[in-house]
Structures are given as structure tokens and as C-alpha cells.
Amino acid sequence: MALAIVLVLMVVGSVVFHFWSPWWLTPLASNWGAMDDTIMITFWVTGFVFIAVNLFIAYCVVKFRHSPGRKSAYEPENNKLESWLTILTAIGVFVMLAPGLVVYTDFIRVPKDAVIIEAVGQQWQWSYRYPGKDGALGKADNRHVTFENPLGIDPDDPWGEDDVVVVGAPAHIELDQPIKFNLRSKDVLHDFYVPQFRAKMDLVPGLVSYFWMTPTVAGTYEVMCAELCGVGHYNMRSSIVVDKKADYRKWLSKQTTFAQSQGREALGGDPVERGLLLTQQNGCIACHSLDGRSGVGPTWKGMYGSTGTLTDGTTTVADDAYLVESITNPGAKIREGYAPLMAAYPFSEDDLEAILAYFITLSE
Amino acid sequence: MTSLVKTLASKPWLSGKDQMGEPVEVRSFHFADKKVGLLAFFFVASSLFMLFIVGYRLRMVYEDWAPLQEPLTLWINSGFLVLASLALEFARQCMKRDNLRWGRWAFNAGGAASLLFLTGQLAAWQQLSEAGYMVASNPASSFFYLLTGIHGAHLLGGLVAWARTLTHLQAGGDRAAAQSSMDLCAIYWHYLLIVWGVLFYLLLVT
Amino acid sequence: MAYADQDTGHHHGPDAFIWKYVWSQDHKVIAIQYGCTAIAVGLLALVLSWLMRMQIGFPGSLEFIDPSAYYQYVTMHGMIMVIYLLTAFFLGGFGNYLIPLMCGARDMVFPFMNMLSYWFYLVSVIILVASYFVPGGPTGAGWTLYPPQSILQGTPGTDWGIVLMLLSLAVFIVAFTMGGLNYITTVLQARCRGMTLMRMPLSVWGIIAATLLGLLAFPALFVSAVMLLFDRLLDTSFFMPYIVHMGQALETGGGSPVLFQHLFWFFGHPEVYIVALPAFGLVSDILSTHARKNIFGYRMMVWAIIAIGGISFIVWAHHMYISGMNLYLGYFFATTTLIVAIPTAIKVYNWTLTLWHGNIILNTPMLFSIGFISTFLIGGLTGLFLGNVAVDIPLSDTYFVVAHFHMVMAIAPVMVVFAAIYHWYPKMTGRMYNEALGKWHFWITFLGTYLIYFPMHYLGFEGMPRRYYAYEGYEFISASAYGLNQFITVAAISVGVLQVLFLINMIWSLKAGRVAGPNPWLATTLEWQTPDTPPCHGNWRDELPMVYRWAYDYSVPGQEQDYLPQNQPMDNGEPDLSTDSATGAAPA
Chain R
1 MALAIVLVLM VVGSVVFHFW SPWWLTPLAS NWGAMDDTIM ITFWVTGFVF
51 IAVNLFIAYC VVKFRHSPGR KSAYEPENNK LESWLTILTA IGVFVMLAPG
101 LVVYTDFIRV PKDAVIIEAV GQQWQWSYRY PGKDGALGKA DNRHVTFENP
151 LGIDPDDPWG EDDVVVVGAP AHIELDQPIK FNLRSKDVLH DFYVPQFRAK
201 MDLVPGLVSY FWMTPTVAGT YEVMCAELCG VGHYNMRSSI VVDKKADYRK
251 WLSKQTTFAQ SQGREALGGD PVERGLLLTQ QNGCIACHSL DGRSGVGPTW
301 KGMYGSTGTL TDGTTTVADD AYLVESITNP GAKIREGYAP LMAAYPFSED
351 DLEAILAYFI TLSE
Chain X
1 MTSLVKTLAS KPWLSGKDQM GEPVEVRSFH FADKKVGLLA FFFVASSLFM
51 LFIVGYRLRM VYEDWAPLQE PLTLWINSGF LVLASLALEF ARQCMKRDNL
101 RWGRWAFNAG GAASLLFLTG QLAAWQQLSE AGYMVASNPA SSFFYLLTGI
151 HGAHLLGGLV AWARTLTHLQ AGGDRAAAQS SMDLCAIYWH YLLIVWGVLF
201 YLLLVT
Chain S
1 MAYADQDTGH HHGPDAFIWK YVWSQDHKVI AIQYGCTAIA VGLLALVLSW
51 LMRMQIGFPG SLEFIDPSAY YQYVTMHGMI MVIYLLTAFF LGGFGNYLIP
101 LMCGARDMVF PFMNMLSYWF YLVSVIILVA SYFVPGGPTG AGWTLYPPQS
151 ILQGTPGTDW GIVLMLLSLA VFIVAFTMGG LNYITTVLQA RCRGMTLMRM
201 PLSVWGIIAA TLLGLLAFPA LFVSAVMLLF DRLLDTSFFM PYIVHMGQAL
251 ETGGGSPVLF QHLFWFFGHP EVYIVALPAF GLVSDILSTH ARKNIFGYRM
301 MVWAIIAIGG ISFIVWAHHM YISGMNLYLG YFFATTTLIV AIPTAIKVYN
351 WTLTLWHGNI ILNTPMLFSI GFISTFLIGG LTGLFLGNVA VDIPLSDTYF
401 VVAHFHMVMA IAPVMVVFAA IYHWYPKMTG RMYNEALGKW HFWITFLGTY
451 LIYFPMHYLG FEGMPRRYYA YEGYEFISAS AYGLNQFITV AAISVGVLQV
501 LFLINMIWSL KAGRVAGPNP WLATTLEWQT PDTPPCHGNW RDELPMVYRW
551 AYDYSVPGQE QDYLPQNQPM DNGEPDLSTD SATGAAPA
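Residue numbers (the working numbering), protein chains in the order written: chain R, 1 to 364; chain X, 1 to 206; chain S, 1 to 588.
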């Protein structure tokens, strides 16, 4: 009896919870409302089965509970009943599968007028590339990646010269414009995930994956990683701004192209700016926060010149020598409370100086 | 197959009511349990080699694949493995006809030929690595070492059983046990010969 | 062969403690060894889940949980629960215990190999746990071990942890293969007279189908583990593309991470059924016994097991809809995946229809079995979301997935593990467990897990990504979601801690439980008809049993007793049911 009551309460409770729950799909901001519809279709079909089966069990438990004198029915099978149930189930499955496959057909068919934008992942940050005036992205491959060319654009491909490269900054896309995201990874698997867009896809090193969507609501959205990619996975953030057409054009025209960025060495007169760029391009901030929060590694805010305890109990001052060692040979001294996870970054001496200069500004 | 379908379609709650006598023997196979176990193992090993081959075919299509020039030694090794298989089969037939002397001789020869095969495989590794094809040089050579290594490991496992059988074959050993082990060894070697045939063909044509 | 003379000898077990309980070749002892080891390592994984939940519910409250520790918990928890607890428990534990007894055999056909199987399993567990004591700790790559991440710096445990994990898996697969060959051969060759395939209890069907799946699927894990080990130790590039890792170009290149995923899931999906099919089988027998009614639609149940097992090999890529594989594959895998729902649904219907017109005794095993139907129902239904490719895209890699697979392959099978332990405890120990304690255990586990996982689906709807160490500063997550996470954490830890009721019951009843007798449930299957309880070494005294009827002769019309054991000969007075119409209409 108790079991029957509990099962009924469970069903009632689940239904009440469903309608009362403040937790539901994030507000949709793309054309993939059809995906939400397929979720709802599946929800109603499965919800019906959930309620029916649980209530049926509750009924049986009460109605056919043990009584010493009674005997169960002897019924090895009932072909008619089983066939009917099979057919009904098959219909239910069809009702869910068919709309799903229709929506999926939309998903894999990219509209002809879609604008291509590339999102590139690395541990643990996002970068973006836009086609320039020629409307096409140049070839790119991890084999071309250098400090000056963080996205590995083929320097010999003329189509790539006017590509716009956005590193360590939000991406912008145009409202109501279909967009095909081409996805590349420099190191491990990642997944380009914006909850409000619904569509998502893995980034796989060695190949270019893609998905498409049309943003339908202007605003700023969080971009994150949905495929485990190492200790900084939870902190692999970026944001994406959906602009009206005019704003988008204005933003795009202000960005530097690949060809312009190749001359950056010349303009890199300011070491602080260069240091900032270096840390952005190497994804340092996934582990080292700039606002004092403790992450995978110690925060950089106020770090330069501070005193800290090491895992062996000694105290040390974060001076130039210590910091350079911690970048080029991070396993040598580990701050208390942190794991020896960081890879060595053998920067050139100029680069190290630039980074130190940048660190100093964070302690001011 | 049809009998299996028939079995699965039968209604067990009905059958038996009309047969009041002794229940019948229901063993699925009429040969020894160990042979059934070995056949079941072939099922597992075949799945393993199949998946390696699928992995090989899927990896082949990438641009960094450079076909390997297989060392000629492999042909000689294959000959040894064929000999080993034939010798063990001969040994098994001799035992069936109670010819212990020839049986023992052929069984030893089979083991020796297998050892020669394994030595030859090691020599092939040596030649390849001298020619600059290391494990990591190219996916084709990685697969070469991997596939030959896994196959060799299976043969090595067989040689353990072979060595155990030798003790049964000594004077005063368990004749029946020897005969059943020799039976199983022969079947196992035939199986490994077939697997090697498939692997060798795969390595040659790609 | 130890039991070549199966029909004659009466087998005295070896007497010395060490031969009886440690180096034992008795399938029942090996089963208990498997079961206890699995529970021990499972408890470790349970504690890891508490630590994870602490971090999710109360971030930063335990200072030693840094991101790498967290990802190590995630990985070890998943791997232990799936492989080293559930697979080992169902096949090594229940498979070992029940196959010979239910088939009327004296033991497995290869008892020595059976013993080796357990010791290899133990070695694999030791290697796995050892990874906590090597520099860098265990791997934190997630239980899927996807390369390149699993073998590159930036993931914890890439020095030693991953190597030990792969080695441990390889040893486990060897152990499983030795056990599996035994189970198959025993079922094929060592059934007693009269035990035709269709007279076998569904437990044996479920276990043997799962074993077949395992024998075919585990090689895929072995292949991917060996190739990954090569990539890690010998710098090959099976799975390694050209990579620029933390600013450095790697030497390797040209391989494909997606290839690994195909191999892994070719194992990984059947693995779900390796856990589920034995659970299906066991629960069918328990439901039938305690409802005092034959299992409804036995033939359909057998066919469904075979169908599910078969189809499970062509659905694997539904784990990879958003993996970057060829998108056209989505059509095929979505269709096959939703088709597998049909035989699975039939099983659920037939379990509930077994209750219909039954005479239901709600003791602890029965409660857990009904709890299984309810939890499996949720897990199965949410699988219809994730199997359907367009629905999966927004939900994949969120907490919806976490809630789904915990419901379907953690809670539901664990319900069966408990049901089966309570059900067969009197046979294994000769004593009855404490019923009141058992019922408390059921209510806490059933309601508790429901409270943990039902709301978790809604966090997934909201888009909360899984495998996150912290959610600080993500604005799309509502503030109340953090509160819900705290609630889930409290519930999870409470339910986990209260499992101690089960352990107390098991240990206390060993000595203090009432003596059970040979067949306390008045069940029909052969294991309840052994001359000794617990059964002696060799199971049957002088003569092997003979089987005259199927496993479900409960409440046969015209019979006074409401059950007829399988080894009870046909009696002339028994009504001849063979004239009944094929529909087997129920007598009023």
C-alpha cells in the first residue's frame, strides 16, 4: 500500500515539479526553436508513458497484493496484447523520430547565404576569424601556427590576407543573418557551446567541423566549452555579441586583418601591450585570474613582488627571477595549495620581459 | 540455424507435458568442453583482430600514411608458420592412429617451426628499424609493429600450451591429456595461420 | 577437467581455509570474492562522488579539491562504477554464482580458469587504485579517455595515471575474457538433463547475452587502449593529429581523435547493455517469484534480450552526434537507437504485466525490483531524448545526460543488485536478512535517488554543462540552480551514507539472521532445490538434478501447491496444458 501511495505521489510530484520548476530551457536566441519543439514532443510522449506505467504499477500493487487464499492467474503470454503494445510503441517512436529527423535535415543543410565565421579553440580560450572583403577564409592549418600567426593561417594563400583575426576578445555576429561556424582546434577536443543558440558542435584537432544558426535576439551571450579539455575546461570562456547590421559592420571595420597583424612586431613598441597579447594568445588567463580569484593557478592580481609560501614550506618573493623560472620551468617551485600542472613556456627573452612588464601593471 | 529458430519459437510451458519419461541430454555440442571454449575464444580473438584491421583501414586514409616496404623475411616466416601448422596437424593425426613416436616428433617439429617464425618476425623488426622505420616513424610502420606484435603474442600464448603438452608426452605422461591438448594446439595453430594470412595480405597490399 | 565425471562423483570440497576461501575454484566462492571486491572498490567510487558533489554544491568548502583533484574524481568514479563495480558484479558475481546452480551443473566447466579470472580482476583493481599513489595521481581525462587530451599535459595524471589506467583495463579485459569463456561454455555444455535453452530462467539468458556482448565488445576497448598506450609511450600517431599544444608544436601528427571515439563507443555502447541485460534477467526472475506468477511473455522476453543485444552493436555513434563525425551518420544512428526502444519497452510492459493478476508479496527484493522498473523507466524514457539526434544537440554534454545515464545504468542496475542480493542471500548464507532493515534501505535508496536525479534533468534543460569544476560567474545559470545543487549534494551524501544499513544487515544477518531453509521463497528454479544450503562444493550431492518443466510454473491451475520446481516430474494428474490455445488465455 505504501508503495502504491509513494508511486502516485511521485507521479503527481513530478508533474507539479515540472510546471513549478524555475529551471527550464534558457530563452531561445536562435532559429533553432524547432529543436525546442522536438524536445517538447518527446516530453509529452515520454511523460505520458511515465505516468501510465507508474500508475499501472501502483494499481497492480494494491489490487493484486498478496492474500493467502488467492492464486495468481496462469498466463504465459498473450500475443494479441503484446502485438498491440509493440505497435503502439512503434507509433510513439515514429512520432518522436520523424520530426527529429526533419529538424536534423535542416541542421545539416547549411543555407547558401550563410556567412562563414571560424571559431578556434585551444586550452583554454577561444579565438575567431572572419572572412575579409573577399568574403572567403584563407586556408589554415596547425602547421602554420606561430606567435605572430596564432590561428595558423596559410601565409601563402592570398585569400587569407584580409581575414579578420579576433584573439582574446568577444566575437560579434549579425542579427538575423545565417552563420556557418567553422570549428578548428589547436590542441585537444573542445565544444563550441552557447546555451541560448541550442546548436553546438565539437572542435576536433585535425579537421574542420561546423554547424550553422541564425541569431534572432540581439544581446551578449556566454560562450563556453562543453567537451572536457583539461583542468581549465570549466573556465574556457568567451562571449559573443549579436549586433544589428549597422553595429556589426562598424565593429568589423575596426578589426585588424591578418596582413596588418603580420607587421605587428614593428608596432610592438609597448612591452606592456605585447605582454598582455602574449598572455592572451597562450590562454594563460584560463588558469590565472586577473581579479584576485584563485583558479587552477594563482591569480596574477598583485602577484608581482608579493610574498608566498611554496609546497616545501619555504617562503619566496615573486621577483623577476622567480617569475621567469615559473614560466620557463614551472615544476621547479610550486605555490602552496596548487598542483604542478603547468606546461613550460620557453618564451624568448624579449617576450619574458614584456610579460614581466605587464605583470607589474597588475600589481599597481 | 533453423533448429535454433525452432528452439526459440517453442513454448516451454507446453513442451514436456507429453513426455513423461526421462529428460534428455541437452549439451549443445558433442565434442569436448575445451574445444568449445577454444572456439569461443576464436570468437573473441577474431573480434580483436577485426577491430585492429578496421582501425588500420580507417587510419590509412589520412594523408600522412606512407606505405611500407615489407621485408622479404616475412615470406620465409610465413613458410615456417605453414610448416608449424602442418606438423601439428600431422602430429594430431598420428596420435589418432596411436603412432606415438611420429606424433611426438611432429609435435616437437611444429613447436620448433613456430619458434623459428617468431625469431624471423623479430628479425623483420630488426631489419625495419635498421632501415629507419621505427614504431613512431609513420602510422604504417606503427601498425606493422602493433599487428605483428599482437599476433606474435597469441602465438607465444600457444607455445605455453605447447610446452605444457610436452610434459604430458614424456614417458609416463597422461596419454589422454596429451592427445586432447595436441588436438587443441593443432586447431589453434590453424587459426593463427589464417589470421596471419589475413594480416600479411593486408600489410602487402597497402 | 575437474568435473569430467559430472554425473558420478560426490565432490568433497577441500578443507583448509586457504583452499576453501582464498585459492578456491568453487564458483560460489569466486562469485563472493568478485562481489566483495566490487563492493569495496565501489565504496571508494561512492566516496569520490561525495567529494565531487561537495565541490558542485558547496564550491571551495573542501580546500583540497582543486580542479585536477576534481577531474580525477570524475574519471575514477565513472570508470570504477561502470567497469570495476557493475560489470564485475553482474557477470563475475551473479554470473558465477547463478549459472552453474540454475543450469544444474556442479561448477563452471573450467574451474581453474575461473579462479584465474578473479585474480586477474583483483590485479586490475590494484593497478587502478595504485594510480592514486604515483606521481601526478590518477588520470583526470574523464572515463572516456578521449585523446589527445588524455595524454597531453594540461590534464592531470598524464605521466603515470593514464598508463596505469590503460594497463588496468587491459588486465580487466583478460580477466573478463577468462570468465566469459567459462560462462558461455558452461551454459552450452553443462546444463543438466532436460534443461533446454527455453527452459532456462531469464537470469541465465540475460547473463549469457551480456557475456556474449562483452566478449565481442571488450576487444574494442582493448584495441583502443593498446593504441592509446602506443601513442602515449612510443610517440606513435594513431589518434594524434598535428597539434600546437600550449605554444609548442608537437612531433606527432596526422592521426584522428574521432577514430578513437568510434572504437571506444563500439565497446562503450554495448557496455551499457552488458550491465543492463543481466539486470533485466535477474529482475524478471525476482518479480515472477514474488508475484507468484509466471513471467509474462517469456518468449518475447528472450527475443527482446537477443534483439537488444544485437542492435546494441549498431547504435554506438549516438554518443558522437556532435563529435565532428560525418553528419549524415546521424540519420542511421538515430533510427537504430530509437528502434532499440521497442524491445526495451516490451520488457518494461511484460514486467508490469507480470504483476497484473499476480499475488504480490512486497518483501525487500520485490520492492527493489519494482523500484527498478520505475527508475529504469525514467532512464529509458530520457534516453529517447538523447538518442534522437536533433533533440540530443541542445542537451548533450549537459546535466541532462548525467541524470539520464545515472538513472538508466547506475540507479536502475543497482536496484537490481540490491534486489538480487536480498533475494539470493538466504541461499548464499543459509540465513535470512533482516526484513525491516531491508525495507528501510529500500525506501531511502528509492526515494533518495529519485530526489537526486529527477531535478537534475532540469539543470540540464537549463543548459548547465557537465564536468565543470565550478560555475562561478556564468550568468545564464539561474541563482536558484545553485540552491538546487546544494539540495542534490545533501541528498546524495545522505543516501550514500545510509547505504551503511545494507552493510549492517548483510554482516549482522550472517550470524544473527534466522535460518532460512533451502527454499524460503518457494521458488521454482534449480538453485533453490539444492540438497544443502548453502550448496556444498559441487552443488549437488550424488546425483545431478533433472529438469522436467520451464522455470515459471507458479500458480499452475489445478495444482494445490502454488509452485512446481523445475526438477519435479510431471504428474499424471496434472492438466495437459498443451491443448491450450497459443494465446494461453488466463483461466478465470
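We treat Cβ as the ideally placed atom computed from N, Cα and C, and that holds for glycine. What you are looking at is a predicted structure, and each value in this text was computed from that prediction instead of being measured.
Would you say M246(S) reaches chain R, if we count a Cβ-Cβ gap shorter than 8 Å as a contact? yes
Could you name the residues of the same chain whose beta carbon sits closer than 6 Å to that of W550(S), not counting the 5 residues immediately before and after it, in chain order? R199
Per DSSP, which one or two residues make a beta bridge with V120(R)? S127(R), R184(R)
If we call anything under 8 Å between Cβ atoms a contact, is E527(S) one with M54(S)? no
Please state whether DSSP places L267(R) in a helix, a strand or coil. With a pLDDT of only 45 at L267(R), under the threshold of 50, the placement of this residue in the model should not be trusted; the figure read from the coordinates follows. L267(R) falls in the helix class under three-state DSSP.
If you measure beta-carbon to beta-carbon, which residues of the stretch 161-192 of chain S are closer than 7 Å to chain X? T177, L181, I184, T185, L188, Q189, R191
Under 8 Å between C-beta atoms of Q122(R) and G283(R): yes
Pairwise C-alpha distance: S480(S) and H18(R): 15 Å
Within 10 angstroms of its Cβ, does Y425(S) collect 16 or more other Cβ (buried), or is it exposed? buried
Closer than 8 Å by beta-carbon distance: list the chain S residues that pair up with F19(R), in chain order. Within chain S, no residue comes near F19(R); the closest Cβ sits about 12 Å away, beyond 8 Å.
Is I286(S) near M366(S), with beta carbons less than 8 Å apart? yes
What's the gap between the Cα of M320(S) and the Cα of G100(R)? 16 Å
Counting only beta-carbon separations shorter than 8 Å, does K347(S) have a partner in chain R? no
Three-state secondary structure assigned by DSSP to T148(X): helix
Decide if the stretch 188-195 of chain S is in contact with the stretch 509-522 of chain S; the criterion is three or more beta carbon pairs, one per stretch, under 8 Å apart. no
Environment of R198(R) [buried if 16+ CB atoms lie within 10 Å]: buried
Between T257(R), V16(R), A218(R), S238(R), which has its C-alpha nearest D247(R)'s C-alpha? A218(R)
Assuming the contact rule is C-beta atoms closer than 8 Å, I173(R) and I240(R) should be a hit. Round their C-beta distance to whole Å, please. 6 Å
Quick one: what's got a C-beta closer than 7 Å to L484(S)'s C-beta in the same chain, skipping five residues either side? P455, L459
Quick test of the definition: if touching needs 3 or more C-beta pairs under 8 Å, does the stretch 83-100 of chain R touch the stretch 335-350 of chain S? yes
Rounded to the nearest angstrom, what separates F266(S) and V275(S) at their Cα positions? 15 Å
Rounded to a whole number of angstroms, what is the C-alpha to C-alpha distance between V24(X) and Q566(S)? 14 Å
Integer Cβ distance of Y548(S) from T524(S), believed to fall under 8 Å: Actually they are not in contact, since the Cβ atoms of Y548(S) and T524(S) sit about 11 Å apart, beyond 8 Å.
Among I452(S), Y554(S), T429(S), G538(S), nearest to F487(S) - alpha-carbon criterion: I452(S)
Is the distance from the Cβ of L169(X) to the Cβ of A178(X) below 8 Å? yes
At a Cβ cut of 9 Å, what residues of the stretch 270-294 of chain R count as close to chain S, listed as they run along the chain? Q281, N282, G283, C287, R293, S294
Kindly say whether M303(R), judged by its beta-carbon, lies nearer than 8 Å to any beta-carbon of chain S. no
Please confirm if the stretch 66-86 of chain S is in contact with the stretch 228-240 of chain R, defined as three or more CB-CB distances below 8 Å between the two stretches. yes
Please classify S289(R): does DSSP put it in a helix, a strand, or coil? coil
Compile a chain-ordered list of the residues in the stretch 141-166 of chain R whose CB is closer than 9 Å to at least one CB of chain X. none
Helix or strand or just coil, what does DSSP make of C192(S)? coil
Taking only runs that begin and end inside the stretch 534-571 of chain S, name each unbroken alpha helix (DSSP H) of 4 or more residues, in chain order. none
Backbone CA spacing between S261(R) and V408(S) [nearest angstrom]: 52 Å
Does the beta-carbon distance from D33(X) to V109(S) come in below 8 Å? yes
Nonlocal neighbours in the same chain, by C-beta distance under 6 Å from E227(R), ignoring five residues either side: L189, H190, D191, D202
Out of curiosity, what's the CA-to-CA distance linking G295(R) and H288(R)? 6 Å
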